[in-house]
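Asker:
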Amino acid sequence: MNEELKAKLQYLKNGSGIHIKKKNRGKFTDYCGGKVTSACIARGKASSNPTIRKRATFAANARK
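Just so you know, the working numbering puts 122 at position 59 of the sequence shown, and the rest follows in order with no gaps.
1. Report yes or no: is there a C-beta of chain C within less than 7 Å of the C-beta of K108?
2. Relative to the alpha-carbon of I104, which residue among F121, P113 and S111 has its alpha-carbon at the smallest distance?
3. Within the same chain, show all residues whose beta-carbon is closer than 7 Å to that of T92, passing over the 5 residues directly before and after it, in chain order.
4. From which residue to which residue does the alpha helix (DSSP H) around K85 run?
Structure representation (structure tokens):
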């Protein structure tokens with residue numbers, strides 16, 4: 064039981080499983096002008112650019 068608890072604590076310390084490549088970090092924030100808001104996410108989801116739509120969906124899911 065003690066080993067299970069240690070494993071769970073280690074998992075929580077490591078944080079979530081979200082990994083963003085260094086070259087892509089901050090690109091959606093730049094698109095939003097420095098602050099990601101709900102309005103910016105909605106604008107990104109309505110974009111004609113598929114990359115922006117994907118980033119907006121990722122940002123919305125990461126908020127959950």
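Each residue gets a CB set at the ideal place from its N, CA and C atoms; glycine is no exception.
Answerer: By the coordinates alone:
1. The structure shown contains no chain C; it is built from a single protein chain.
2. F121
3. V99
4. From DSSP, K85 is part of no alpha helix (DSSP H); its letter is neither H nor E.
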